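Before any comments, here is the structure.
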Amino acid sequence: MAYETIEVKTEGGVGVITLERAKSLNALTAKMTSEIAAALADFNANDEIRCVVLTGSKKAFAAGADIKEIKDREYPEIYLADPIAETWEAVARFRKPIIAAVSGYALGGGCELAMMCDFIIASETAKFGQPEITLGIIPGAGGTQRLPRSIGKAKAMDMVLTGRMMDAKEAERCGLVSRLVPEDDVMEEAMSAARKIASFSRPVTIMAKEAVNAAFETTLDQGVRFERRVFHAMFALEDQSEGMAAFAEKRAPHFKNK
Ligand code: DAK
39 MAYETIEVKT
49 EGGVGVITLE
59 RAKSLNALTA
69 KMTSEIAAAL
79 ADFNANDEIR
89 CVVLTGSKKA
99 FAAGADIKEI
109 KDREYPEIYL
119 ADPIAETWEA
129 VARFRKPIIA
139 AVSGYALGGG
149 CELAMMCDFI
159 IASETAKFGQ
169 PEITLGIIPG
179 AGGTQRLPRS
189 IGKAKAMDMV
199 LTGRMMDAKE
209 AERCGLVSRL
219 VPEDDVMEEA
229 MSAARKIASF
239 SRPVTIMAKE
249 AVNAAFETTL
259 DQGVRFERRV
269 FHAMFALEDQ
279 SEGMAAFAEK
289 RAPHFKNK
C-alpha cells in the first residue's frame, strides 16, 4: 500500500513505521494517524511480523497534533468526527509488541503516541512534553492518564500544568524511557530490541504484553490471577516444550509460534 505521510518497511520479522512530515516536525494530521492505523492493521494480519518500531525524524518524533488542522474546529466537529482519537487508539490496541524510537521532540499528541507504544527507546536529544495547556486545552489522547501511570503524579502534574519539556535524561530517570542512547544509535538500539523480541514465540510475546498491560487495568490480586492463568495456558504451547527442551539439551530453541 502506498502512503503519503509515513514510510513503511519490513526487516525480517520487524515492521518499521517512520513518520514522514519532517517540515512540520511530524505534526500529526488525521491522514497521518489513519495511515499509521492502516499500516498497523497490515502488520497485525502479517504473521511474519512479530514486532514493530515506530519512529520519526532526528528533529522530531512528533511535535503533537497538527494545530493548524484542528485550530478552527468547533465542539460538534471535534466530538462527532474524531478520527485522531479513533486512529491513535489503533496504536494502544495493537496486539504485537511495538517500540517507540524517539529523537527530538515528542510533544502533546507525539508524547501520547510514544506512550501508547510498549516502551520508548530515546536518543539523548529527545524532549518530552504535554504543552497543551499553553494552547488553552488539555491532553486529549491519553496524556493525563498514561503519564501519571508512567512517571507518577508529581511529575505528571508538573508536566501537564506547566507545559514544560522534560529532557531525555530526566525522562529516563523517571521511567518514561527504558533506554537512552546517543542520537546515531537510537534506531539500531530499537531494531536490535525488536529483532530480539521477534526471535521469541509470537503467541508468548503477545501474552507477555497482555499480562503486563493488565497491571494497569486491574487490582494486584486480579492481575496476579490473570498472569497465573496465562502462565498455565503456555503449557498448551509447543513453544513452551521446545524452549525448555532446548535449555535442557544446551541448544538454541526453534520456536514454531504455536
Ligand atoms: N502543529 C502544526 N505545525 C507544527 C507543530 C504542530 N504541533 N509543531 C511544529 N509545527 C510546524 C511549525 O508551524 C513550523 O511550520 P512553518 O512555520 O515552517 O510552516 C515547522 O513545524 C517548524 O516548527 P518551528 O519553526 O516552530 O520549529 P522550532 O524549532 O522553532 O520549535 C517546537 C520547535 C516543537 C518547540 C515548536 O514547533 C512548537 O512549540 N510546536 C508546537 C508543540 C505543541 O504545542 N504540541 C502540542 C500540539 S496540541 C485530540 C486528541 C489529542 C490532540 C488533539 C486532538 N482529539 C481527541 C480530537 C493533541 C493535541 C496536541 O498535540
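Going from the sequence shown to this note's numbering is simple: count from 1 and add 38. Ideal placement from N, C-alpha and C gives every residue a C-beta, glycine not left out. On a predicted model such as this, the values are computed, not experimentally measured, just so you know.
- Going by DSSP, S237 is part of no beta strand (DSSP E) at all; its letter is neither H nor E.
- Around the beta carbon of R266, a 10 Å sphere encloses fewer than 16 other beta carbons of the protein chains shown; the residue is thus reported as exposed.
- T56 has E45 and T93 as its beta-bridge partners, per DSSP.
- For I159, the three-state secondary structure derived from DSSP is strand.
- Relative to the ligand DAK, the beta carbon of G147 is positioned inside 7 Å of a heavy atom.
- Residue pairing by DSSP places D205 opposite K165 in a beta bridge.
- Distances taken from the Cβ of Y143 to the heavy atoms of the ligand DAK include one shorter than 7 Å.
- A distance below 6 Å between beta-carbons, with the five flanking residues on each side excluded, links F132 to the following residues of its chain, in chain order: L78.
- Taking 8 Å as the cut-off, the Cβ atoms of V224 and S141 count as close.
- Here F254 carries a coil assignment [DSSP, helix/strand/coil].
- Of the residues G178, E276 and V219, the one whose Cα lies closest to the Cα of R240 is E276.
- V219 is bridged by DSSP to S161.
- The C-beta of I176 has fewer than 16 other C-beta atoms within 10 Å across all chains shown, which makes the residue exposed.
- Taken from the Cβ of E170, at least one heavy atom of the ligand DAK lies inside 7 Å.
- Residue range A68 to A83 is occupied by the alpha helix (DSSP H) that includes A76.
- Residue environment: T200 is assigned as exposed (fewer than 16 neighbouring CB atoms within 10 Å of its CB, all protein chains considered).
- Not one heavy atom of the ligand DAK falls within 7 Å of the beta-carbon of D85.
- Contact between the segment 143-150 and the segment 178-193 is present: 3 or more CB-CB pairs across the two stretches fall below 8 Å.
- Taking each of T125, K294, G50 and A152 in turn and checking the Cα distance to R184, the smallest one comes out for A152.
- Put simply, of N82, A228, F273 and V242 the residue whose alpha carbon is nearest the alpha carbon of S161 is A228.
- Here the C-alpha atom of K296 lies approximately 15 Å from the C-alpha atom of V268.
- Here the alpha carbon of A290 sits roughly 30 Å from the alpha carbon of F264.
- For L145, the beta-bridge partners assigned by DSSP are G167.
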